[in-house]
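> Going by my numbering, the letters in the sequence shown line up with residues 921 to 1169, in that order. Attaching a single structure in C-alpha cells format; questions to follow.
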Amino acid sequence: MPELPAPDYPAETRARLEADAKEVIARYPDSRSALLPLLHLVQAEEGHVTRTGIRFCAGQLGLTTAEVTAVSTFYSMYRRRAGGDYQVGVCTNTLCAVMGGDAIFEELKEHLGVGNDETTEDGAITLEHIECNAACDFAPVVMVNWEFFDNQTPESAKRLVDDLRAGRAVAPTRGAPLCTYKETARVLAGFPDQRPGAVEATGSAGPASLAGLRLAKGEALPGRGADHVIAPRTAGPDNPAGPAAKEGE
C-alpha cells in the first residue's frame, strides 16, 4: 500500500492530465470503468503508478485510494516503482521455456547484472520473466514494451538489449515501431500513436499462426504436398460436426 496522503501534481501537469482524463472518462457509460486506462495515463507521466497518480485517479472517478490501489496492484502491467525505458519480458512458460526461454532469461540476468523485475544502472532496461506472451508459435519470445521479438536465442536477446542500451534502432518482429515505456503507456491509455507510420506498421498474425487455419480450410502449406492437407470441416443437417464426427463413429 503506498504511503498516503500523496502530494499533488504541479498545477500545469494536473491541468493537462485532467483534460486527458476527461476525454478518457467520456468513453464509458460508468465512469469507474475508466480506471484501467487512467492508470496507464498516470503511468505515462512518471513511468510507474505513484501514490500521486493513485490519488489523481481516485479523485477523477469518485473512488477511494484503497480501491484504486487494489486494482493497480492486481495487474502486472502497472509498475509499482520506477523502471527502465524498456521493459524486456522473457516468456518462461512451458513451450517458450522448453524452446530456450529459460536459457535466455538466465543469460540476460548475467549479461545485464540484474535479477527479475530489476533495472540496469543506466535506467535503460527493466528485465522480467513473463508467464505467457501469447505467441507460442514463435517460441521462444521476448517482448520489449509489449512488442514482439520472435524466435529468440540467448545471443540474439543479448544483442537486442545491447542495442537498446546503446540507443541503436531496434525493430520488432511484428507490430509497430518500438517506443519508450512511457510512450507505450499513453497509447494503452487510448490515445493515438502520433509517430509517422506507426499505425500503418502494425502487423497481423504471422505465417506460423495461420498454418492451422489454412489446413482447416483445405489449403496446402508452402512446400508441402496435397497429402498434408486436411479436408475442410463442412457442417450440415446430416453431418452437424463435419468429417471428424463420421470418422469416429
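All C-beta atoms, glycine included, are put in the ideal place defined by N, C-alpha and C. Here the structure is a predicted model, which means the values were calculated and not measured.
Keeping to the same chain, check which residues put their C-beta closer than 8 Å to that of GLU1048; ignore five residues upstream and five downstream.
Here the set comprises GLN1007, VAL1008, GLY1009, VAL1010, ASN1036 and ASP1037.
> Beta-carbon within less than 6 Å of ILE1050's beta-carbon, same chain only, minus the 5 sequence neighbours each way: which residues are those?
Here the set comprises GLY1009 and CYS1011.
> Is the stretch 1064 to 1073 touching the stretch 969 to 988 in the sense that three or more CB pairs, one from each, lie closer than 8 Å?
Verdict: no, contact absent.
> With the cut-off set at 8 Å, would you say SER951 and GLY982 are in Cβ contact?
Yes. Within cutoff.
> So is ARG1106 buried or exposed if we call it buried at 16+ other beta carbons inside 10 Å?
Buried is the call here.
> State the DSSP-derived secondary structure class of PHE1068, mapped to helix, strand or coil.
Note: PHE1068 maps to strand in three-state DSSP.
> Cα-Cα, which of MET997, VAL1081, LEU937 and VAL988 is closest to THR1104?
If we check each option's Cα against that of THR1104, MET997 comes out closest.
> Using alpha carbons as the reference points, say which of LYS1137, ALA1044 and ALA1017 lies closest to GLY967.
When each option's Cα is compared against that of GLY967, the closest is ALA1044.
> Per DSSP, what kind of secondary structure is GLY1114 in: helix, strand or coil?
A small correction: the amino acid at residue 1114 is Gln; Gly does not occupy that position in the sequence shown. Of the three classes helix, strand and coil, the one that applies to GLN1114 here is coil, per DSSP.
> Does ARG934 come out as helix, strand or coil in the three-state DSSP assignment?
Helix.
> Roughly how many whole angstroms lie between the Cα atoms of ALA964 and ARG947?
If I take the Cα positions, the gap works out to 19 Å.
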